[in-house]
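Under our numbering, the first residue of the sequence shown carries the number 24, and numbering increases by one thereafter.
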Amino acid sequence: MGTFSGGSSSSTSGGIPKSAHTEVGTSGRLLSACAGSVVVALTVTPLDVAKVRMQAAVAIVRKPVSAVGWEASLAACHNCPVFFCSNGIMEHCFDKREAAWSHCFNNQQLMGNAASTPTLRAQRGLVRVLQNIVAEGGVAGLYAGLPATLLIAVPNNVLYFATYEGLRDRLQRLALPGLVAASVPGIAGGGARMVAACAVAPLEVVRIRMQAGRFADGGGSMPRAHQGVGTMLAEIVRSQGPRALFLGLGSTLWRDVPFSALYWIGVERIREAVLRRGWWEKSPVQGPLVAGFAGVLAGGAAAFGTTPFDVAKTRQQLDRTATAGSGKGLWATLAHVVREEGVSGLFTGSLPRVGRVGPACAIMLGSYEFTKVLWTRTHETAVDPLAHLRLAPRFAFSAITAERPGTMPRLST
24 MGTFSGGSSS STSGGIPKSA HTEVGTSGRL LSACAGSVVV ALTVTPLDVA KVRMQAAVAI
84 VRKPVSAVGW EASLAACHNC PVFFCSNGIM EHCFDKREAA WSHCFNNQQL MGNAASTPTL
144 RAQRGLVRVL QNIVAEGGVA GLYAGLPATL LIAVPNNVLY FATYEGLRDR LQRLALPGLV
204 AASVPGIAGG GARMVAACAV APLEVVRIRM QAGRFADGGG SMPRAHQGVG TMLAEIVRSQ
264 GPRALFLGLG STLWRDVPFS ALYWIGVERI REAVLRRGWW EKSPVQGPLV AGFAGVLAGG
324 AAAFGTTPFD VAKTRQQLDR TATAGSGKGL WATLAHVVRE EGVSGLFTGS LPRVGRVGPA
384 CAIMLGSYEF TKVLWTRTHE TAVDPLAHLR LAPRFAFSAI TAERPGTMPR LST
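See the structure below:
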């Protein structure tokens, strides 16, 4: 592995400057993905909690299910027991009866119709909503659902980033045709998202079942909430079959795999262009700065491009609630939207989505690259003492060939 270079470089590997990526080993990638997940969760969760509270205040009791705007979600559905919350990186399902979310949904449970909620609608301003949350529940209220978010997001992002960089590096070493080589980031990004989503889907299903078990009426010697993860996985497979572990995964993949493919193609192209122009080349943290800049642009563009799939997923969630579990498939939902509202209906709510996802991607990728830089620099000054023994044969060979005789080969981190 190579070491981090703060400046730009004219030499390339697969069309991308060497300084485009801070190269670290597997341990460095895992730690960096963990750090990035924590930073983005701490930064974005308060904004998402405020969004949920604003959606709950709208309460679409008398609106048709097809009225999909920024407020159209299960959080805004008065009769829906659960809702989905996204921090811009991952989406999680929560029960409205959870104590941590009481400051968002207590008022919704009390009101009879949407027209009689002037006090709730007066809280539509983001700053005002954040202030009210802190006043009612303290700073902890801003981080409702954070433990569950980290429980799923950390392993998901660790697997996602490690798989992406591993696939990208392996594919770039192959002699691929021009068009295929240019698509390597997209192929690696889509593949990594598919692997990560499939790996954590059963955990999310189990978490939702355990969450629901806490509110189920008594009965049975072992309540679901107290069963172990392995026990509950076995119970689900036994009673409903293996497919039950992947409920809702299809629509998630249709949205997230194209997003990841577009996102990583954009990130690598923007990162390459910025480095070639020498932006921030004097900065010791050029890599993280470039990554953050590329992340916000590529993330915003990918979020806009995949908005139709997000609209369809939201419609499906609302339709299934309104029809007690039945509903249209993904493509039937998309066709219905176009037929009823035109093509523009597929991009309803695109601006809020871009405004949420773009910065979240910048924070995640920038934090990831910054942690890799710290890891690299730490290990430059703290090399494993046994490494010199392992490199002894190489040192002897270089001395014999008289290339820089008597000099120990430089250790890579």
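Glycine is no exception: its CB is placed at the ideal position from the N, C-alpha and C atoms.
Keep in mind that this is a model prediction, so the values were computed, not measured.
Residues near A122 by beta carbon distance below 8 Å, same chain, minus five either side: Nothing meets the Cβ criterion.
Taking the alpha-carbon positions, what's the N180 to R379 distance? N180 and R379: Cα-Cα distance of roughly 18 Å.
Between the segment 179 to 196 and the segment 209 to 222, do at least 3 Cβ pairs fall closer than 8 Å? The segment 179 to 196 makes contact with the segment 209 to 222: 3 or more CB pairs, one atom from each, lie closer than 8 Å.
Taking 8 Å as the cut-off, decide whether the C-beta atoms of S373 and T337 are in contact. Against a cut-off of 8 Å, the Cβ pair of T337 and S373 comes out as no contact.
Quick one: is W354 buried, meaning 16 or more other Cβ sit within 10 Å of its Cβ, or exposed? Counting Cβ neighbours within 10 Å, W354 comes out exposed, since fewer than 16 surround it.
Expressed to the nearest angstrom, what Euclidean distance is found between the alpha-carbon atoms of A158 and V75? Between A158 and V75, the C-alpha separation is close to 17 Å.
Three-state secondary structure (DSSP) of H115: Strand.
Buried/exposed call for Q263, threshold 16 Cβ in 10 Å: With a threshold of 16 other beta carbon atoms within 10 Å, Q263 falls short and is exposed.
Starting from the Cα of I156, find the closest Cα among L97, A224, Y183, A73 and give me that residue. Ranking L97, A224, Y183, A73 by Cα distance to I156 puts A73 first.
Give the list of continuous alpha helix (DSSP H) stretches no shorter than 4 residues that lie fully inside the segment 158 to 188. For the segment 158 to 188, not a single whole alpha helix (DSSP H) run of length 4 or above is found.
By a C-beta neighbour count over all protein chains shown, 10 Å radius and 16 as the cutoff for buried, is G315 buried or exposed? Under this definition G315 is a buried residue.
A11 and V67: beta carbons closer than 8 Å? This structure leaves residue 11 out entirely; the chain is present only between 24 and 436.
Using a Cβ-Cβ cutoff of less than 7 Å, which residues in the same chain neighbour L149 once the five nearest sequence positions on both sides are dropped? Same-chain partners within the cutoff: A73.
Take A324 and list the residues in its own chain whose beta-carbon comes closer than 6 Å to its own, dropping the five residues that flank it on each side. G289, listed in sequence order.
Any idea which residues DSSP pairs C108 with across the strands? C108 is bridged to H115.
Distance between beta carbons of M387 and G168, contact taken as under 8 Å: At roughly 18 Å, the Cβ-Cβ gap does not stay under 8 Å, so G168 and M387 are not in contact.
Three-state secondary structure (DSSP) of V252: Helix at V252.
In terms of residue numbering, what span does the alpha helix (DSSP H) encompassing P281 cover? For P281, the enclosing alpha helix (DSSP H) covers residues 272 to 299.
Grouping DSSP H, G and I as helix and E and B as strand, with all else coil, what is G328? The three-state secondary structure of G328, taken from DSSP, is helix.
With a 10 Å radius around its C-beta and 16 neighbouring C-beta atoms as the bar for buried, classify G48 as buried or exposed. When all chains shown are included, G48 counts as exposed.
Going by beta carbon distance, what residues of the same chain come within less than 7 Å of V280, once the five residues before and after it are set aside? Cβ within range, chain order: G213, R216, M217.
Of all the options C116, M113, E227, V152, which has the alpha carbon lying nearest to the alpha carbon of C127? Comparing Cα positions, the closest option is V152.
Assuming M113 and A185 make a contact with CB atoms under 8 Å, what is their CB distance in whole Å? Between A185 and M113 the Cβ distance is about 16 Å, and since that is not below 8 Å, they are no contact.
Under the three-state reduction of DSSP, which class applies to G48: helix, strand or coil? Three-state DSSP puts G48 in coil, outside helix and strand.
Start-to-end residues for the alpha helix (DSSP H) that takes in S203: Inspection of the sequence shows that residue 203 is occupied by Val rather than by Ser. That run of the alpha helix (DSSP H) goes 201 to 205.
Is the beta carbon of T275 closer than 8 Å to that of A358? No, Cβ-Cβ distance for A358 and T275 is not below 8 Å.
Exposed or buried, which one is S367 when buried takes at least 16 other CB atoms within 10 Å? Classification of S367: exposed, given that the 10 Å Cβ count is below 16.
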